[in-house]
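Residues -20 to -1, 1 to 360, numbered by mature numbering (1 follows the signal peptide of the UniProt record, and there is no 0), are exactly what the sequence shown covers, in order.
Reading through the structure tokens given below for one structure.
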Amino acid sequence: MHLNLISAFYLVTLLPVTLSRTPHPCYYDANKPASDDLIPCYPSTLSSHYSCCRVGDKCLEQNACFDSDTQVTYQYGCTDASFQDPHCPQKCHLDTEESHWVGLVFCNGTRGLPKDKWLCHHPSNCAGKGGCDERAWDEGIERMWKTGCEDLKRGDEYVAFEASFTLSDIAALPSSSRLASYWSVNAERTKPLVTSTTASAHTTTASSGLSSSATASSTLTSTPTATSTPSAAPTAPASTRRRAATIGLGVGIGFGVPVLLGLAGLTLFYIRRQHKKHEAVLATLANEYPPEKGAAADSYAHNAEAGPGYAHTAELDSTPIVESCGSPTPSELPGSSVAATPYQSPIGSPEMVQGELNRKERMSVCVEEGRNAGVQEVPG
């Protein structure tokens, strides 16, 4: 009982760790995970699934791979667990339990052989000649006996694909020591995104199909590079921008007009207030500081040139005015030719103020003299 519990604990604990060692696992057949040394071939173009080759090998077109150590061209697996994606090599539908992979042998069309066809080299496909090994193959890539196109069954069911002698390279896979960096750079490849990119062209030239069952020589000397074109940032529709501009204009007018009206009102209020203060000051000065008795009337006279439209003010006679009590009050100062101006101060001109004060003083003097004489006169 305890052993069963311990076994179940280890299965639950260690199984996720085992399956998570490879961020993007590969399969050699439907629902059959491949070993960890099989990794995806990430080309310049993103896709939902990718073909798989062994670590350190080169990925070719037609879901093929090339092992530079053994000089073997082969097909192995893909990242689609259902093995239905176009990036999954069908390997001529041969038994994957006899071999997880198939070698590829090129037929060049000589001596009545098929032309430009790649045949599946597999334990199940052997013409029975001495160069064909019919035993089950190891899951690792190994160099087989020298096998040519004439050594294999050449029916359509054994044709992996039709292509020329040269297969283009898709990508070069890193060595085991650089896998961490490879996974880090391609972390987004597990998402089904598609972008337009440009990859440099590299080719792999397969050797003659007569030399071995799955051999090829690669002319690639550098890792293919790809330049991705970033997608443009989305832009707001024109209608949205116009609506935003209209809203901004309405808000600006709604706040701006009241502010301007308020400022105008404050300015008018300040001007009227200052004008009233000025009038009050003038009235206070006229009441608190009357001119002294006998002061010259010309103390308020202006001797400056009048502006356009105004009559010139002549100098007033400096001789004090002495009137008898019975004399009528003069309505004008002698010798004055002051003309009326368009603007009249609300408190009267200086000449009017001075005349009124002089009249009141004369009335006081006459009343006093009348008392002394016993006669009261009323100024005429």
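All residues carry an ideal CB built from backbone N, CA and C; glycine is no exception.
Given that a residue counts as buried once 16 or more other Cβ atoms are within 10 Å of its Cβ, and exposed if not, what is Thr59?
Answer is buried; the Cβ neighbour count reaches 16.
If we ignore side chains and look at the alpha-carbon of each, how far apart do Gln254 and Gly234 end up?
Using only the alpha carbons, I get a separation of about 31 Å.
Entirely within the region 30 to 54 and at least 4 residues each: give me those alpha helix (DSSP H) ranges in chain order.
If only complete runs of 4 or more residues are kept, the region 30 to 54 shows no alpha helix (DSSP H) anywhere.
If you draw a straight line from the C-alpha of Asp96 to the C-alpha of His73, how long is it?
Cα to Cα, Asp96 sits roughly 20 Å from His73.
Comparing C-alpha positions only, which one of Pro3, Lys257, Thr127 sits nearest to Val85?
When each option's Cα is compared against that of Val85, the closest is Thr127.
Can you tell which of His258, Val82, Ala61, Ser148 has the C-alpha that lies nearest to the C-alpha of Glu122?
Taking only the C-alpha atoms, the option nearest Glu122 is Val82.
Express the C-alpha separation of Gln64 and Thr2 in angstroms, rounding to a whole number.
Across the structure, Thr2 and Gln64 are spaced so that their CA atoms are roughly 21 Å apart.
Contact check, Cys45 vs Tyr54 under 8 Å by CB: the rounded distance?
Contact flag correct, Cβ pair sits at about 5 Å.
Just grab the DSSP bridge partners of Tyr7 for me.
Note: Tyr7 is bridge-paired with Pro13, Cys58 in the DSSP secondary-structure output.
Count the other C-beta atoms from every protein chain shown that fall within 10 angstroms of the C-beta of Pro94, then say buried if there are 16 or more, exposed otherwise.
Looking at its Cβ environment, which holds 16 or more other Cβ atoms inside 10 Å, Pro94 is buried.
Asp131 by DSSP, collapsed to three states: which one?
Asp131 falls in the helix class under three-state DSSP.
Whole-angstrom Cβ separation of Pro23 and Cys6, contact assumed at under 8 Å?
Contact flag wrong, Cβ pair sits at about 15 Å.
Per DSSP, what kind of secondary structure is Asn105 in: helix, strand or coil?
Residue state for Asn105 is assigned as strand, using DSSP reduced to three classes.
What would DSSP say about Ala244, mapped onto helix, strand or coil?
Residue state, collapsed to three classes: helix.
Taking DSSP as the reference, what is the three-state secondary structure of Trp163?
Here Trp163 carries a helix assignment [DSSP, helix/strand/coil].
Between the region 127 to 143 and the region 21 to 40, can you find at least three pairs of beta-carbon atoms closer than 8 Å?
These segments do not touch.
Check each candidate in His101, Pro154, Lys256 and name the one with the smallest Cα separation from Lys133.
That would be His101, whose Cα lies nearest to the Cα of Lys133.
Whole angstroms are fine: how far does the CA of Tyr8 sit from the CA of Asp75?
If you draw a straight line from the Cα of Asp75 to the Cα of Tyr8, it is about 11 Å long.
In whole angstroms, give me the CA-to-CA distance for Leu243 and Leu265.
Distance from the CA atom of Leu243 to the CA atom of Leu265, rounded to whole angstroms, is 33 Å.
Could you work out which residue in Gly120, Met124, Gly92 is closest to Cys106 when comparing CA atoms only?
Nearest C-alpha to Cys106: Met124.
Under three-state DSSP, which class holds Ser157?
In this structure, Ser157 counts as helix in the three-state DSSP scheme.
In chain order, what residues of the same chain have a beta carbon less than 8 Å from the beta carbon of residue 363, not counting five sequence neighbours either side?
Residue 363 is absent from the structure shown; the chain starts at -20 and stops at 360.
For Lys71, I'd like the list of residues in its chain whose CB is within less than 8 Å of its CB, leaving aside the five on either flank, ordered along the chain.
So the qualifying residues of the chain are Gln55, Trp81, Val82, Cys100, His102, Ala140.
Straight-line gap, Leu246 to Asn267 (C-alpha atoms, nearest Å):
One C-alpha to the other measures close to 32 Å.
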